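Heads up: the sequence shown runs through residues 16 to 188, numbered per the numbering used here. For each residue, glycine too, the CB sits at the ideal point set by N, CA and C. In this text the structure is predicted, and so the values were computed from the model without any measurement. See below for the structure under consideration.
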Amino acid sequence: MPSGTIGRVAKKNAQTSHGTPAIVALDRAGVPYTLHPYEHDPASGLSYGLEAAAALGADPAQVFKTLLADVDGALVVGIVPVAGSLDLKALARAVGGKRATMADLAVAQRATGYVVGGISPLGQKQRLRTVLDATATGFDVVYISAGRRGLDLSLAPADLLRLTGGVTADVAR
Numbered sequence: 016m017p018s019g020t021i022g023r024v025a026k027k028n029a030q031t032s033h034g035t036p037a038i039v040a041l042d043r044a045g046v047p048y049t050l051h052p053y054e055h056d057p058a059s060g061l062s063y064g065l066e067a068a069a070a071l072g073a074d075p076a077q078v079f080k081t082l083l084a085d086v087d088g089a090l091v092v093g094i095v096p097v098a099g100s101l102d103l104k105a106l107a108r109a110v111g112g113k114r115a116t117m118a119d120l121a122v123a124q125r126a127t128g129y130v131v132g133g134i135s136p137l138g139q140k141q142r143l144r145t146v147l148d149a150t151a152t153g154f155d156v157v158y159i160s161a162g163r164r165g166l167d168l169s170l171a172p173a174d175l176l177r178l179t180g181g182v183t184a185d186v187a188r
């Protein structure tokens, strides 16, 4: 795993230089994590998630993106590997819904407090139902956005589920 800044060890540094709501939430909960900053290149031609995986030298199956969907009129967070896509029908089923569509980008940004490409499942403005793709449980740690472009963090999938109140389901394709 690429090296980074370890969570609680660098708490003061994390809050002053990177203090995103996601990092603050992890520090408050006492959850171990590692920060992985990288240089975001808007001209890379890759999706934000694949750019992060390449920059960090991480397996794209282990790097997850946070997407928002509207399921029967309610926003739901789907967390899936960056190399795949969100299966909207599976997401709806996972939360007992019937129909899901991708949320409007402006709605996603308002609900989470993050910009697209930097949306973290942690520290969002609104607590939303969250579904983590089941493949995440096959890894000791997964990479997610730390709350801004060019900054990811890694943590145990169990900690991610506990902090988001999320569930796992097969929601990636």
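- Message: Judging by CA-CA distance, which residue of 47, 51 and 181 is the nearest neighbour of residue 163?
- Response: Position 148 of the sequence shown, counted from the first residue, corresponds to residue 163. The shortest C-alpha separation from residue 163 is found at 51.
- Task: Would you check if the segment 129 to 144 and the segment 162 to 180 touch, i.e. whether three or more CB-CB distances between them fall below 8 Å?
- Result: yes
- Task: Could you tell me how far apart the beta carbons of residue 146 and residue 78 are, in whole angstroms, since I believe they sit closer than 8 Å?
- Result: Reading the sequence shown from its first residue, position 131 is the one you call residue 146. Reading the sequence shown from its first residue, position 63 is the one you call residue 78. Between residue 78 and residue 146 the Cβ distance is about 17 Å, and since that is not below 8 Å, they are no contact.
- Message: Tell me whether the segment 106 to 116 and the segment 82 to 90 touch, counting them as touching only if at least three CB pairs, one residue from each stretch, are closer than 8 Å.
- Response: yes
- Query: If you scan the segment 128 to 187 from start to end, which runs of the alpha helix (DSSP H) of 4 or more residues do you find wholly inside it?
  - Reply: 172 to 179
- Query: DSSP beta-bridge partners for residue 85?
  - Reply: Translated into the one-based positions of the sequence shown, residue 85 becomes position 70. For residue 85, which the question treats as bridged, DSSP gives the partners 90 and 116.
- Message: Check for me: the beta strand (DSSP E) holding residue 50 runs from which residue to which?
- Response: The sequence position of residue 50 within the sequence shown is 35, counting from 1. Here the beta strand (DSSP E) through residue 50 covers 49 to 52.
- Message: Would residue 140 and residue 126 be called neighbours here (beta carbons separated by less than 8 Å)?
- Response: The residue labelled residue 140 in the question sits at position 125 within the sequence shown. The residue labelled residue 126 in the question sits at position 111 within the sequence shown. In this structure, residue 126 lies closer than 8 Å to residue 140 by Cβ.
- Message: Could you compute how far the alpha carbon of residue 186 sits from the alpha carbon of residue 173?
- Response: Taking the first residue of the sequence shown as 1, we reach residue 186 at position 171. Taking the first residue of the sequence shown as 1, we reach residue 173 at position 158. Near 17 Å, if we compare the C-alpha coordinates of residue 173 and residue 186.
- Message: With a threshold of 6 Å on Cβ separation, who are the neighbours of residue 66 within its own chain once the five nearest residues in sequence on each side are excluded?
- Response: By one-based count along the sequence shown, residue 66 stands at place 51. Closer than 6 Å at Cβ, skipping near neighbours: 59.
- Does DSSP put residue 39 in a helix, a strand or coil? Residue mapping note: residue 39 aligns to position 24 of the sequence shown, counting from 1. Residue 39: helix per DSSP, three-state reduction.
- Query: CA-CA distance, residue 202 and residue 159?
  - Reply: It is not possible to answer for residue 202, since the shown part of the chain is limited to 16 through 188.
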